[in-house]
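4 protein chains.
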Amino acid sequence: MSQAKNDVSEKLMIDANAQPPASERIPIIARPFVSDRAKKTLDTVEKFVEEECVPADPVYVQQIGEGVASRFSSHPPVIEDLKKRAKELGLWNMFLPKNHFKEGAGFSNLEYGLMAEMLGKSRVASEATNCAAPDTGNMEVIAKYGTEQQKREWLTPLLEGKIRSAFLMTEPQVASSDATNIELRMQQEGNEWILNGQKWWSSGAGDPRCQIYIVMGKSDPSNPKPYAQQSVILVPASTPGITINRMLSVFGYDDAPHGHGHISFNNVRVPASNMVLGPGRGFEIIQGRLGPGRIHHAMRNIGSAEKALEWMIARMNDPTKKPFGKNLSEHGVMLERVARSRIEIDAARLMVLNAAIKIDSKDAKAALKEIAEAKVFVPKVMLDVVDKAIQAFGGAGVSQDTPLANMYAQGRTMRIVDGPDEVHLLQMGRNENRRGTALRKKLAWQKEATEQVARKYGIQKKDPLQLDRVSGKQSKL
Amino acid sequence: MSQAKNDVSEKLMIDANAQPPASERIPIIARPFVSDRAKKTLDTVEKFVEEECVPADPVYVQQIGEGVASRFSSHPPVIEDLKKRAKELGLWNMFLPKNHFKEGAGFSNLEYGLMAEMLGKSRVASEATNCAAPDTGNMEVIAKYGTEQQKREWLTPLLEGKIRSAFLMTEPQVASSDATNIELRMQQEGNEWILNGQKWWSSGAGDPRCQIYIVMGKSDPSNPKPYAQQSVILVPASTPGITINRMLSVFGYDDAPHGHGHISFNNVRVPASNMVLGPGRGFEIIQGRLGPGRIHHAMRNIGSAEKALEWMIARMNDPTKKPFGKNLSEHGVMLERVARSRIEIDAARLMVLNAAIKIDSKDAKAALKEIAEAKVFVPKVMLDVVDKAIQAFGGAGVSQDTPLANMYAQGRTMRIVDGPDEVHLLQMGRNENRRGTALRKKLAWQKEATEQVARKYGIQKKDPLQLDRVSGKQSKL
Amino acid sequence: MSQAKNDVSEKLMIDANAQPPASERIPIIARPFVSDRAKKTLDTVEKFVEEECVPADPVYVQQIGEGVASRFSSHPPVIEDLKKRAKELGLWNMFLPKNHFKEGAGFSNLEYGLMAEMLGKSRVASEATNCAAPDTGNMEVIAKYGTEQQKREWLTPLLEGKIRSAFLMTEPQVASSDATNIELRMQQEGNEWILNGQKWWSSGAGDPRCQIYIVMGKSDPSNPKPYAQQSVILVPASTPGITINRMLSVFGYDDAPHGHGHISFNNVRVPASNMVLGPGRGFEIIQGRLGPGRIHHAMRNIGSAEKALEWMIARMNDPTKKPFGKNLSEHGVMLERVARSRIEIDAARLMVLNAAIKIDSKDAKAALKEIAEAKVFVPKVMLDVVDKAIQAFGGAGVSQDTPLANMYAQGRTMRIVDGPDEVHLLQMGRNENRRGTALRKKLAWQKEATEQVARKYGIQKKDPLQLDRVSGKQSKL
Amino acid sequence: MSQAKNDVSEKLMIDANAQPPASERIPIIARPFVSDRAKKTLDTVEKFVEEECVPADPVYVQQIGEGVASRFSSHPPVIEDLKKRAKELGLWNMFLPKNHFKEGAGFSNLEYGLMAEMLGKSRVASEATNCAAPDTGNMEVIAKYGTEQQKREWLTPLLEGKIRSAFLMTEPQVASSDATNIELRMQQEGNEWILNGQKWWSSGAGDPRCQIYIVMGKSDPSNPKPYAQQSVILVPASTPGITINRMLSVFGYDDAPHGHGHISFNNVRVPASNMVLGPGRGFEIIQGRLGPGRIHHAMRNIGSAEKALEWMIARMNDPTKKPFGKNLSEHGVMLERVARSRIEIDAARLMVLNAAIKIDSKDAKAALKEIAEAKVFVPKVMLDVVDKAIQAFGGAGVSQDTPLANMYAQGRTMRIVDGPDEVHLLQMGRNENRRGTALRKKLAWQKEATEQVARKYGIQKKDPLQLDRVSGKQSKL
């Protein structure tokens with residue numbers, strides 16, 4: 001089938017997509033940063049996503065089935081076949097950046113970012129290429145900070161796509177946007193750590209293949225340094241004492257089998273050798289973890305936005321849908337929305353690519369500002385575009401007949417996860433505001449310089465609307 | 001004075017500005033496109049603007065004087081001194097792109113774009129460096145399309161900053177956003193062209209040094225090709241029959257002495273040798289003229305937005321302005337506005353730089369989409385930022401005590417000049433919409449592919465919410 | 001239990017709600033239009049909703065169960081108990097406006113509108129008081145246009161809350177926002193009409209108690225009058241030939257058991273006596289149906305917005321949720337959002353109440369403009385407020401732990417159902433534009449009058465910036 | 001002339017304006033509050049404004065002349081003629097609300113509000129009817145709090161339109177949005193108060209007829225009560241020691257001769273009998289002053305918005321302006337903007353009218369929330385509408401050829417004067433937030449009630465997505 005399909009596909013990409021391959025659509029400003037090998041892979045990714053993953057999306061949904069218990073123990077066969085296919089095509093673990101990890105496919109964050117945009121067009125593509133969150137960030141953590149034993153046990157099967165993982169940080173009872181509030185208690189007893197507490201939004205925990213949790217907890221609550229109280233430990237999902245109480249929905253979607261778990265820990269005992277990097281170093285780990293992940297999310301969101309725009313344009317040209325005798329594409333209001341979407345998407349992409357290059361140039365810490373900008377800007381753009389597309393479709397837009405409503409739900413969570421917009425904006429605002437004193441000095445200096453220049457030219461009047469009307473004169477009028 | 005000043009300045013840039021020089025603030029994604037020479041010049045431009053031009057701005061305003069007639073025959077001495085100084089610093093004619101013109105300073109559109117951002121922070125800086133509109137576009141036209149005689153007579157003094165020029169295209173009585181509507185009549189009689197009609201928004205025509213008009217008119221109204229009816233001709237401002245009837249205000253600003261003229265032509269006779277490129281080639285000329293100019297405008301607008309943000313931050317840290325006991329910088333609402341401004345400005349800058357690189361890679365025609373995107377996106381961003389800054393200042397924000405209200409007025413016109421937003425959006429929407437049929441085919445292909453995949457896995461149910469409830473059964477419930 | 005509960009409730013309304021009862025919160029401008037009886041009922045509605053319906057909402061959800069087939073044949077017991085309770089309290093059929101129907105509770109559209117706002121705070125309240133869409137509009141249709149037999153058979157059980165109904169208009173294969181596109185074929189054969197075609201977004205069709213469909217179809221496709229081709233007929237849900245193929249989801253919600261059906265008609269035979277008003281009068285019926293229904297929707301949306309704001313404020317004061325050491329209510333950004341929400345909600349409410357009074361003063365046709373304004377404005381406001389509330393909650397905001405995500409989904413459909421925003425805006429724009437010629441005349445008249453006045457005062461200069469600079473003079477400068 | 005003109009006018013109102021007179025356009029919800037006499041006067045106001053004031057606007061501008069000194073000593077003759085005419089028509093002092101003042105024309109705030117909307121369509125109409133700010137608020141202050149002598153000396157000539165007045169509160173060196181910051185020093189010495197300090201944004205101070213300043217200053221800086229340190233005193237403009245240093249511009253407009261003064265006080269001696277209400281009672285006075293004034297401003301803004309919309313629609317139907325072959329009115333984008341403008345204006349009007357009725361029902365203090373809502377909402381709406389109109393006009397929109405740019409500048413200041421948006425929003429947010437504890441209690445009560453109801457129905461499962469997957473089982477998968 002694959003051969004026959006490829007023949008058809010060739011036609012698809014040339015006749016139907018009506019645009020050059022992805023590698024030729026890279027913004028000109030970013031091209032110096034993309035290797036020829038990455039360009040070639042990028043085009044393969046696009047082809048794989050458009051021809052094999054997108055068509056598989058609805059099949060994946062159908063294979064999940066009905067009923068909570070059933071949906072969260074399902075393992076859709078289609079995903080394993082796609083994984084095989086992706087490996088054949090050499091599309092595997094592209095996310096691990098070449099300058100820091102030898103285990104990956106050897107691409108930069110920028111290069112993978114371009115691929116992630118393509119992956120963002122399909123529900124299954126990221127998993128099919130072993131580039132799905134939260135495994136990507138989790139693999140980075142273990143690769144970067146894990147012991148050899150930890151790597152052997154968990155990183156190897158993760159890299160091979162044999163198991164999946166979850167990252168357990170957020171807690172329901174506190175304001176987790178401030179991670180110092182985290183309360184899950186970790187107490188050492190001999191050669192073990194004992195965990196008690198609860199976690200939620202444990203994304204991926206619903207999947208029956210999810211075998212390992214990376215858990216952030218409070219190991220040293222009385223430490224005077226608030227950022228040294230936390231540790232990160234690896235907890236096998238099968239450890240006694242863990243209960244997945246329930247799954248959380250996003251709008252009405254349960255995102256099965258992946259899902260978002262609400263999990264309780266009741267005297268869960270974990271060997272001390274599962275500790276990552278050492279007690280008290282939890283913050284160090286989570287901070288290193290977030291940067292590239294935000295770029296991945298952002299680029300997938302841009303892919304989603306492009307897809308929404310494609311659906312919208314397709315709808316606007318549907319010859320069977322002519323309200324009041326005109327195609328939607330003949331309405332200026334619709335064309336203006338398309339144009340504004342195009343502008344916003346293109347601006348957003350440049351912003352993320354610039355952030356990715358900054359990370360590549362050094363590390364995520366050096367790109368804090370650029371990452372935060374992308375984190376806030378991109379979901380807003382995506383939601384705007386998807387919302388416009390929904391409106392173009394009317395009823396079909398909110399229903400299962402388009403991928404749009406689901407995209408909207410996904411995009412909406414992006415304004416919340418990894419810190420809500422407000423936290424990033426406040427931090428960015430404060431950083432900018434540090435220039436305050438210096439700027440006041442500069443403006444004062446310039447004002448003084450103006451007075452010097454004015455004197456040089458013998459200017460008397462201080463203000464174009466100077467009046468100097470003295471009250472004595474006024475009374476005569 | 002210059003030496004002493006430089007000493008002070010050194011301190012200004014290091015202590016007060018509190019940020020690295022402009023060359024180090026170039027977005028990382030754009031750096032491969034900037035030569036070391038351009039970086040050095042960029043820093044010189046920044047220093048010149050911040051230390052010499054910005055302080056001169058209020059002096060320039062004072063030197064213009066009062067009364068319509070007087071204001072539009074003024075020639076502020078400060079500008080000539082600044083021009084001398086700019087020449088000393090080697091800051092002259094940076095706008096003429098190196099790949100097309102030998103007369104300029106040898107920079108690319110991208111490199112000059114970065115400098116234009118700096119120029120945008122001062123009212124006088126563009127003219128001081130001979131990089132002011134509309135002269136820049138006019139010089140490009142003559143350099144590109146002019147005869148040797150035309151160049152000798154007009155380009156040379158323009159390049160030397162001895163005279164100024166105006167571009168006369170828009171007309172009051174028609175919808176000029178569609179240039180085919182232009183009506184100013186050009187009739188050939190012997191060796192002369194006779195011009196009759198009127199023009200407005202003839203920017204720069206107020207300046208007593210404005211010696212040459214580049215005039216677009218209708219020379220062949222019965223030509224069946226609507227884009228071959230127009231010609232462009234060079235008209236000396238002193239030619240008999242021309243009257244500058246009045247000047248137009250922008251909000252309440254008259255922009256003297258530059259100004260925006262409403263001009264009538266009454267049997268104005270111009271030698272046929274003044275024709276540019278030949279009769280009927282007007283569209284060709286104006287289309288080539290607009291691309292880079294839009295990039296210049298956009299980058300200057302970004303400079304204005306940065307300046308507005310600087311003023312806003314300075315105000316937020318004014319220790320004498322504490323409403324309700326807190327500095328404005330302690331209010332989260334203000335910090336969020338600063339952050340959003342930062343995000344939008346940075347996105348806008350990337351968009352313009354990408355467009356500039358696209359122009360550099362070939363020409364303006366190849367970058368039509370990118371230029372249009374910047375044309376629409378940047379003024380919106382600038383207006384948002386300036387409006388926020390105005391609000392931070394309260395009354396001072398709308399008055400002559402800050403440059404903000406004037407910036408707003410300037411920025412607002414950017415949504416109108418060189419084609420209003422709507423025209424660009426419509427055109428962009430139509431271009432995007434050309435993918436309509438291709439996208440419909442792709443989605444249809446994918447839908448069919450889904451059915452194939454579903455069959456392969458033996459999936460029966462077509463829809464997750466399939467019910468297939470037949471009315472017979474219903475009745476029993 | 002009721003007595004004990006009321007005791008508790010008394011405390012709830014006084015201590016906890018911290019605001020006067022609904023009747024005292026009626027905007028002062030609307031009070032002259034509200035009878036004392038309506039005020040009393042309004043307060044009873046509020047109490048019933050807050051104390052009995054809102055607590056029942058999650059129970060209702062739980063009683064629906066799992067699995068498509070099961071969910072759409074469920075009949076949650078709690079709803080029937082609430083209906084009994086509502087009848088006890090005299091809260092039944094408040095929607096039927098007193099000036100047109102004797103069957104209702106005797107309130108005006110305005111008075112019911114105020115009650116509908118309260119109903120909008122609960123998922124079950126509208127049905128509990130027999131005021132749920134689409135039954136309300138359907139009952140109006142039968143009451144207004146139905147024969148005595150039709151009323152006996154369908155209106156009576158509907159008014160008693162014994163059965164439910166659906167309104168089948170939209171079709172998947174056409175652009176239904178333009179109702180002339182409707183294709184479901186109605187052919188007369190003897191004493192029967194035979195229906196063939198399909199409908200979707202048949203809201204309420206999922207409910208096993210839904211016994212009657214009001215169906216719009218094309219009975220006379222060759223009629224030269226495009227608005228006389230359609231008829232409306234009553235179709236019992238049990239009629240052979242009808243299949244509910246599937247249910248449609250709204251952002252992942254299936255809205256079971258109510259639901260939104262995609263239904264096919266295959267030679268469905270209906271007695272001619274089921275025709276409403278007569279063949280060819282379909283448009284007449286649907287136009288009369290929509291006005292008040294839009295007001296109901298709008299007021300329920302306002303209730304939802306108020307509820308979202310309540311949840312948001314509650315969250316902002318949650319002492320366990322202190323990101324970075326401060327309650328959300330101490331953040332100015334959050335307080336500003338609350339204030340903006342308050343302003344928008346209050347503006348929206350006035351807009352709907354004004355429309356309701358206009359309907360009451362005559363009929364829905366007289367209030368076309370006011371209804372359309374509310375139709376467009378209110379969902380936008382609601383979505384803004386709900387979105388802000390979601391953001392305040394973070395993860396909980398998109399999940400089942402708050403009613404917000406579901407509200408958002410409901411609100412989003414309001415921009416689509418009964419005609420998308422764009423259709424209403426276009427129509428409103430055209431209506432306003434009818435003033436075009438008259439306004440041009442007025443402005444021309446005023447301009448001429450100005451010239452008269454100017455002459456009277458001997459004013460010479462035509463423009464404040466008149467220059468009249470003749471080219472001869474220019475050359476000397 | 002008047003007779004002839006009226007004949008023409010009759011035609012204007014009927015043929016050209018194409019809408020019923022103002023009294024018939026009153027929103028139905030407000031009609032019970034409007035007397036027949038007010039309706040009649042309202043129509044007279046509309047006629048006077050449209051037929052006599054609007055045509056006089058450009059004449060007034062021309063009569064102001066050139067040059068700062070000259071412009072601020074001008075007294076355009078046309079205004080005095082219009083005042084005579086207004087008195088003839090019985091249109092004088094309509095602003096003084098009947099329930100509090102016997103000196104006015106006997107209308108309620110609501111009734112005058114409707115008239116103020118009409119006045120807002122002309123630059124000169126408010127002054128022509130002696131309803132111009134800041135005289136209106138100043139007259140209210142003297143009428144309410146003044147001694148008989150103060151009234152005789154200042155109120156009588158103000159009511160007769162013989163002199164004008166200014167209100168001096170804001171100061172350049174402090175954050176005046178918090179009035180406790182005011183520093184102008186008032187020291188008692190014998191029977192006099194001595195004033196030292198400076199004021200700016202003293203609107204109206206430029207007018208040569210401005211004879212009296214109402215000045216707020218700090219008379220008791222060491223008073224422990226921060227709101228008892230201020231006093232308000234009447235200062236004749238001719239008192240020695242006062243200098244009007246300069247006038248402030250608003251987006252380039254100097255608003256001559258009225259203007260906005262920057263004024264210094266240097267040992268200005270005022271008789272103690274000029275104190276209003278008594279020392280330390282300054283806050284009491286300014287708080288009473290602001291409420292109705294905000295309603296007046298808001299209604300005038302709504303009039304401006306309506307006028308902008310009229311100009312926009314007129315432009316859209318200009319047969320000479322056809323970009324790309326179509327009138328602007330054939331572009332859906334433009335029609336949608338018209339519709340959105342209509343919606344926003346109508347919502348804004350209802351909001352202000354409701355606030356006016358609330359004031360009428362008791363006093364401004366009772367309507368604090370409603371006034372603040374209108375204060376924030378209306379200028380935003382007006383600015384949106386004016387901005388859209390500017391865009392429809394292109395270059396003409398920002399110039400003196402339309403009233404739009406000036407309207408924009410006026411509207412923009414409305415977001416600043418009498419407290420910037422942010423102050424009102426923060427205050428409103430805090431007021432809403434007072435419900436926090438009560439709402440938390442209510443939601444807790446409802447949650448508990450849900451559990452009771454759930455128990456009643458024997459519901460076990462707590463959450464629709466309850467999973468209760470225990471880790472032991474997980475390991476087997």
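In the order they appear, the protein sequences are chains A, B, C and D.
Taking the working numbering, I'd label the letters of the first sequence as residues 1 to 477.
Taking the working numbering, I'd label the letters of the second sequence as residues 1 to 477.
Taking the working numbering, I'd label the letters of the third sequence as residues 1 to 477.
Taking the working numbering, I'd label the letters of the fourth sequence as residues 1 to 477.
Don't be surprised by glycine CBs; every beta carbon is placed ideally from N, CA and C.
With respect to the alpha helix (DSSP H) encompassing residue i, which residues constitute its N-terminal and C-terminal limits?
i, result
"residue 229/C", "No alpha helix (DSSP H) contains residue 229/C, which DSSP labels as neither H nor E."
"residue 456/D", "436-456"
Sorted by chain position, which residues of the same chain lie with C-beta nearer than 6 Å to residue i's C-beta, five sequence neighbours on each side aside?
i, result
"residue 95/D", "112, 131 and 136"
"residue 475/B", "Low confidence applies to residue 475/B: its pLDDT is 44, below 50, so where it sits in the model is not reliable, and the reading given next is rough at best. Excluding residues within five positions, none has a Cβ falling inside 6 Å."
How long is the line joining the alpha carbons of residue i and residue j, rounded to whole angstroms?
i, j, result
"residue 466/C", "residue 68/B", "8 Å"
"residue 320/D", "residue 183/B", "12 Å"
"residue 333/A", "residue 333/D", "5 Å"
"residue 6/D", "residue 259/B", "In this predicted model, residue 6/D has a pLDDT of only 45, less than 50, meaning its place in the structure is not dependable enough to derive any value."
"residue 397/A", "residue 250/C", "9 Å"
Leaving out five residues before and five after residue i in sequence, what residues of the same chain have Cβ atoms less than 7 Å from its Cβ?
i, result
"residue 237/B", "210, 211, 212 and 213"
"residue 71/D", "64, 65, 254, 256 and 257"
Which residue marks the beginning of the beta strand (DSSP E) containing residue i, and which one marks its end?
i, result
"residue 188/A", "185-189"
Heavy atom of the ligand FMN less than 8 Å from the Cβ of residue i, yes or no?
i, result
"residue 306/B", "The model on display carries no ligand, and the ligand FMN is accordingly not part of it."
Among residues of its own chain, excluding the 5 on either side of residue i, which ones have a beta-carbon nearer than 8 Å to its beta-carbon?
i, result
"residue 268/A", "194, 195, 196, 235, 239, 240, 241 and 242"
*Using a Cβ cut-off of 8 Å, which residues of the segment 55-69 of chain B contact any Cβ in chain C, in chain order?*
68 and 69
*Residues in the segment 28-48 of chain D with C-beta within 8 Å of chain C's C-beta atoms, listed in sequence order?*
28, 29, 30, 32 and 33
*Members of the segment 355-374 of chain A that neighbour chain B once the beta carbon cut-off is set at 7 Å*: 357, 358, 361 and 373
*What are the residues of the segment 176-188 of chain A that lie near chain C, defined by any Cβ-Cβ distance shorter than 7 Å?*
For chain C, the residues of the segment 176-188 of chain A that bring a beta carbon within less than 7 Å of one of its beta carbons are 177 and 178, in chain order.
*Return the residues of the segment 416-429 of chain C that lie within a Cβ-Cβ distance of less than 9 Å from chain G, sorted by chain order.*
Among the protein chains in the structure shown, which are A, B, C and D, there is no chain G.
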